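To start, the structure under review is shown below, and the notes come after it.
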Amino acid sequence: MTTKATNIHPVFNRILGREDKERVLNQNSKVIWMTGLSGSGKTTIAIGLEKELQKRGFLTQILDGDNIRTGINKNLGFSEEDRTENIRRIAEVSKLFLNCGVITINCFVSPTIDIRDVAKEIIGGEDFMEVYVNASYKVCEERDVKGLYKKARNGEIKNFTGLDAPFEAPENPFLEIKTSEMTPEESVEKVVSAILPRLIRN
18 MTTKATNIHP VFNRILGRED KERVLNQNSK VIWMTGLSGS GKTTIAIGLE KELQKRGFLT
78 QILDGDNIRT GINKNLGFSE EDRTENIRRI AEVSKLFLNC GVITINCFVS PTIDIRDVAK
138 EIIGGEDFME VYVNASYKVC EERDVKGLYK KARNGEIKNF TGLDAPFEAP ENPFLEIKTS
198 EMTPEESVEK VVSAILPRLI RN
């Protein structure tokens with residue numbers, strides 16, 4: 018049983034707050050959480066979105082699944098427990114960026130409603146903007162941009178989302194992007210149009 022430490026004394030009430038940082042950056046910080054199958058287009062949209070927001074003077078940070086798993090979460094596997102811990106850590110990091118006034122663009126499969134609810138609870142519902150990057154398993158397997166689907170079919174990857182591990186589509190996302198019906202440029206434009214009013218500081 019883990020015992021809660023008694024020598025921790027947070028100083029949140031003594032440091033500059035989110036409002037101070039947003040004022041300096043002249044933007045409202047949000048967490049844009051992109052969920053969808055591997056190969057659905059999350060990272061492609063995130064990169065395009067960041068470039069478009071940069072042109073408009075916004076400060077952003079992309080958190081991408083593969084990047085995170087080579088650093089802060091490199092000790093985690095793909096069991097249900099590790100997937101949950103992966104998302105919990107990412108949400109905590111996202112909250113730090115949020116409190117610094119930075120717009121955070123997240124690209125994570127985050128396959129279940131429960132696991133995304135964990136992130137939403139940590140970040141806060143008002144700041145958690147869920148974008149469902151929707152492409153079917155068949156479409157993603159045909160793309161197979163990382164060669165993962167072939168490996169999963171060959172049994173080289175276990176607990177692969179959509180094959181032998183579930184993916185639960187969001188029930189009420191902030192935005193849904195069907196990448197099999199839109200070009201990457203059209204997808205980025207749709208996201209920009211939807212989120213821009215939330216980012217502009219009045």
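Read in order, the letters of the sequence shown are residues 18 to 219 in my numbering. For every residue, glycine included, the Cβ atom is placed at its ideal position computed from N, Cα and C. Small disclaimer: the values here were computed from a predicted structure and weren't measured.
*Residue interval of the alpha helix (DSSP H) (run including residue 157)*: The residue you call residue 157 lines up with position 140 of the sequence shown. Residues 154-160.
*Just tell me which of 78, 200 and 130 has its CA closest to the CA of residue 110.*
Taking the first residue of the sequence shown as position 1, residue 110 is located at position 93. The candidate whose alpha carbon is nearest that of residue 110 is 78.
*Report yes or no: is there a C-beta of chain D within less than 9 Å of the C-beta of residue 97?*
The chain inventory of the structure shown lacks chain D, comprising one protein chain alone.
*So residue 135 is in the alpha helix (DSSP H); what residue range does that whole segment cover?*
Locating residue 135 in the sequence shown gives position 118, where the first residue counts as 1. Unbroken alpha helix (DSSP H) run through residue 135: 130-140.
*Within the same chain, show all residues whose beta-carbon is closer than 6 Å to that of residue 128, passing over the 5 residues directly before and after it, in chain order.*
Residue mapping note: residue 128 aligns to position 111 of the sequence shown, counting from 1. Cβ neighbours of residue 128 beyond the five flanking positions: 178 and 184.
_So, at 8 Å on beta carbons, what are the nonlocal neighbours of residue 104 in its own chain, with the 5 sequence-adjacent residues on each side left out?_
Within the sequence shown, residue 104 is the residue found at index 87, counting from 1. Here the set comprises 125, 127, 132, 133, 135 and 136.
*Close-in-space but distant-in-sequence residues of the same chain around residue 44 (CB under 6 Å, 5 per side omitted)*: Here residue 44 corresponds to residue number 27 of the sequence shown, with the count starting at 1. Answer for residue 44: 75, 216 and 218, listed in chain order.
*Can you tell me whether DSSP reads residue 151 as helix, strand or coil?*
As a position in the sequence shown, residue 151 is number 134, starting the count at 1. DSSP places residue 151 in strand when its eight states are reduced to three.
*Contact check, residue 158 vs residue 149, beta carbons under 9 Å*: Residue numbering aside, residue 158 sits at position 141 when the sequence shown is read from its first letter. Residue numbering aside, residue 149 sits at position 132 when the sequence shown is read from its first letter. Their beta carbons are not under 9 Å apart, which means residue 158 does not touch residue 149 by this criterion.
*Nearest candidate by alpha-carbon position, reference residue 51, set 169, 146, 70 and 85*: Residue numbering aside, residue 51 sits at position 34 when the sequence shown is read from its first letter. The candidate whose alpha carbon is nearest that of residue 51 is 146.
*Pick from 32, 48, 205 and 35: whose alpha carbon is nearest that of residue 142?*
Taking the sequence shown and counting its residues from 1, one reaches residue 142 at position 125. If we check each option's Cα against that of residue 142, 48 comes out closest.
*Identity of the residue in 176, 161 and 213 nearest residue 191 by Cα*: The residue labelled residue 191 in the question sits at position 174 within the sequence shown. Cα-wise, what sits closest to residue 191 is 213.
*What is the DSSP secondary structure of residue 78, reduced to helix, strand or coil?*
Position 61 of the sequence shown holds residue 78. Three-state DSSP puts residue 78 in a strand.
*asked:* My output table needs one value for residue 52: the three-state DSSP class, helix, strand or coil.
replied: Taking the sequence shown and counting its residues from 1, the one referred to as residue 52 is at position 35. Here residue 52 sits in strand by DSSP.
_Residues that residue 193 bridges to, as DSSP identifies them_ = Here the question's residue 193 lines up with position 176 in the sequence shown. Residue 193 pairs with 149.
*Return yes when the Cβ of residue 117 is within less than 9 Å of the Cβ of residue 170, no when it is not.*
Position 153 of the sequence shown, counting from 1, holds the residue named residue 170. Position 100 of the sequence shown, counting from 1, holds the residue named residue 117. Against a cut-off of 9 Å, the Cβ pair of residue 117 and residue 170 comes out as no contact.
_Taking 9 Å as the threshold (C-beta atoms), are residue 55 and residue 163 in contact?_
On the sequence shown, position 146 is the one that residue 163 refers to. On the sequence shown, position 38 is the one that residue 55 refers to. In this structure, residue 55 lies closer than 9 Å to residue 163 by Cβ.
_Distance, residue 182 Cα to residue 96 Cα_ = On the sequence shown, position 79 is the one that residue 96 refers to. On the sequence shown, position 165 is the one that residue 182 refers to. Rounded to whole angstroms, residue 96 to residue 182 spans 10 Å at the Cα level.
*Hey, quick one: how far does the beta strand (DSSP E) through residue 103 stretch, first residue to last?*
Within the sequence shown, the letter at position 86 stands for residue 103. From DSSP, residue 103 is part of no beta strand (DSSP E) but of the alpha helix (DSSP H) over 97-116.
*Return the bridge partner residues of residue 174 from the DSSP annotation.*
Reading the sequence shown from its first residue, position 157 is the one you call residue 174. Answer is none; residue 174 lacks a bridge partner.
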